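Enquirer: Before I ask anything, let me first share the structure, which is written out below as structure tokens.
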Amino acid sequence: MADTLLIIDDSSTMRRIVKRTVRMSGLSFSETFEAESGEQGFEKLSADAIDVVLCDVNMTGMSGIEMVRKVRTELPERKDTRIIMVTTESSAAFVAEAMKAGADGYISKPFTPEKFTEKLTPLL
Ligand SMILES: [Mg+2]
């Protein structure tokens, strides 16, 4: 059974690009959802068991890091949801912060379909 995907990004253009890149990567998801803020992403995760989340970091309002931390702290029932940060930031300090918050990995921008395959396949 294919997994469900949630794309969280405050840019609709970026959500479209991520969606297209996932499609080009050959990975298949049974359903793809979108959220335009960390708050909306958290709400979706509170309501539904999503398998994989691709989450932007820099968003107005709740940041991606804050969202991951909130999910890990407040939604123990979503412990198996794999959350991948999609970000321009890939410094060691950032990666450490994201992992500490509870992220399962990160994909740096600009990304390619191959990068998606490489980072997501082990998690599916
Ligand atoms: Mg953003």
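Using the numbering used here, the first residue of the sequence shown is number 1386, and each one after it goes up by one. Where is the CB? At the ideal position from N, CA and C, for every residue including glycine. It should be emphasised that the depicted structure is a prediction, and the values quoted were computed from it without experimental measurement.
1. Should V1442 be counted as a contact of ligand 1 given a C-beta to heavy atom distance under 8 Å?
2. Compute the minimum distance between the beta carbon of D1395 and the heavy atoms of ligand 1, and state whether it is under 8 Å.
3. Can you tell me whether G1423 is helix, strand or coil according to DSSP?
4. If G1446 and I1393 are in contact, beta carbons under 8 Å, what's the gap, nearest whole angstrom?
5. Go ahead and pull the three-state DSSP assignment for I1450.
Expert: Once the coordinates are examined:
1. yes
2. yes
3. helix
4. Contact between G1446 and I1393 fails: their C-beta atoms lie close to 11 Å from each other, not under 8 Å.
5. helix
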